[in-house]
Amino acid sequence: MSSIKNMIKQSTAVILVGGKSSRMGYKDKYSLKFKNQRFIDCITEKLDCFENIIISVNQNQDLDNFKYKSFVDEIKEIGPIGGIYTAMNNIENDILFICTCDMPNISKELVYELYSNFDYKYDCIIATINGKIQPLFGIYQKRIKDKVKENIDESNYKIKNLLDKVNTKYIDFSEIYSSQFLNINTIEEYKNYCKIK
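The structure is reproduced here in structure tokens:
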């Protein structure tokens, strides 16, 4: 466990909040509340094992809404790959933990389990659930920044296509952690989440 904690300390957690949220009626998902706590605050609490946390935002979001250092996407309107690229350009650490603001069920234990699979030989270590890749919950090494930029220059914005290009290890979390990969994408999903919880 100590080696996992040390690896986490050498990483920067990057929370992506800059999505358009069109299915949520264009309401910023990070600001959704559950038990009077915003999703973004719930997630940063669970990521307090990281000494470095940054928030990736779009140009229309107010940086004062966040307790942590925030970076506006350097290349606009290209989706999550823009946030990942901006983070790689602005952090000192060589390892990034990437997650989104619409996964309120994640736990510190899930992060530790992901990091227990860390190996420097892999460029990315990515979660899967029931065979479905979860590209926005994983570990990315900054050394692939040129590959990220290459995909951007080719207007190839899908993270899956980037992962196919680099040395990626996939970890199946279906058995124990599947409920933690719940994404809140629509108003209906948000209402149901609040009822169930």
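In the numbering used here, the protein residues as written are 1228 to 1424.
A virtual CB, placed ideally from N, CA and C, is assigned to each residue, including glycine.
Less than 8 Å between the CB atoms is what I'm expecting for residue 1379 and residue 1302, so what's the real figure, rounded? For the purposes of this step, residue 1379 is taken as residue 152 along the sequence shown, with counting starting at 1. For the purposes of this step, residue 1302 is taken as residue 75 along the sequence shown, with counting starting at 1. That pair is a contact at about 6 Å.
Residue 1252 versus residue 1284 - alpha carbon distance: Reading the sequence shown from its first residue, position 25 is the one you call residue 1252. Reading the sequence shown from its first residue, position 57 is the one you call residue 1284. Residue placement at residue 1252 is poorly supported in this model, since its pLDDT is 49, which falls under 50; the coordinates still yield a value, given next. If I take the Cα positions, the gap works out to 18 Å.
Three-state secondary structure (DSSP) of residue 1293: Numbered from its first residue, the sequence shown carries residue 1293 at position 66. Note: residue 1293 maps to coil in three-state DSSP.
Taking the beta carbon of residue 1238 as the centre, do at least 16 other beta carbons fall within 10 Å, making it buried, or is it exposed? For the purposes of this step, residue 1238 is identified with residue 11 of the sequence shown, where counting begins at 1. Looking at its Cβ environment, which holds 16 or more other Cβ atoms inside 10 Å, residue 1238 is buried.
Residue range of the beta strand (DSSP E) that residue 1399 falls in? The sequence position of residue 1399 within the sequence shown is 172, counting from 1. 1395-1399 is the extent of the beta strand (DSSP E) around residue 1399.
Cβ neighbour criterion (16 or more within 10 Å) applied to residue 1365: The residue given as residue 1365 occupies position 138 in the sequence shown. Burial call: buried.
Just curious, the alpha helix (DSSP H) that residue 1320 is in, first and last residue? Reading the sequence shown from its first residue, position 93 is the one you call residue 1320. It is not in any alpha helix (DSSP H) - residue 1320 carries neither H nor E in the DSSP assignment.
Assign residue 1269 to one of two classes, buried (16 or more other C-beta atoms within 10 Å of its C-beta) or exposed (fewer than that). Within the sequence shown, the letter at position 42 stands for residue 1269. By the 10 Å Cβ count, residue 1269 comes out buried.
Can you name, in chain order, every residue of its own chain whose Cβ lies under 8 Å from the Cβ of residue 1357, other than the five neighbours on each side? Taking the first residue of the sequence shown as 1, we reach residue 1357 at position 130. Result list for residue 1357: 1401 and 1405, in chain order.
Does the count of Cβ pairs from the segment 1229-1238 and the segment 1273-1283 closer than 8 Å reach three? yes
C-beta atoms of residue 1387 and residue 1362 nearer than 8 Å: The count along the sequence shown starts at 1 and reaches residue 1387 at position 160. The count along the sequence shown starts at 1 and reaches residue 1362 at position 135. Contact: yes.
In three-state terms, what does DSSP make of residue 1279? Counting from 1 along the sequence shown, the entry for residue 1279 is found at position 52. Looking at residue 1279 - three-state DSSP - the assignment turns out to be strand.
Check whether the Cβ atoms of residue 1409 and residue 1315 sit closer than 8 Å, and answer yes or no. Position 182 of the sequence shown holds residue 1409. Position 88 of the sequence shown holds residue 1315. No, the Cβ-Cβ distance between residue 1409 and residue 1315 is not below 8 Å.
Any alpha helix (DSSP H) of 4 or more consecutive residues that is wholly inside the segment 1357-1392: 1372-1380 and 1386-1392
In or out: residue 1300 buried (at least 16 other Cβ within 10 Å) or exposed? Here residue 1300 refers to the residue found at position 73 of the sequence shown. Counting Cβ neighbours within 10 Å, residue 1300 comes out buried, since at least 16 surround it.
Quick check: residue 1305 and residue 1244, are their CB atoms within less than 8 Å of each other? In the sequence shown, counting from the first residue as 1, residue 1305 sits at position 78. In the sequence shown, counting from the first residue as 1, residue 1244 sits at position 17. It is not a contact, given that the beta carbons lie outside the stated cut-off.
Could you check where the alpha helix (DSSP H) with residue 1274 kicks off and where it finishes? For the purposes of this step, residue 1274 is identified with residue 47 of the sequence shown, where counting begins at 1. Where residue 1274 is concerned, there is no enclosing alpha helix (DSSP H), given that its DSSP letter is neither H nor E.
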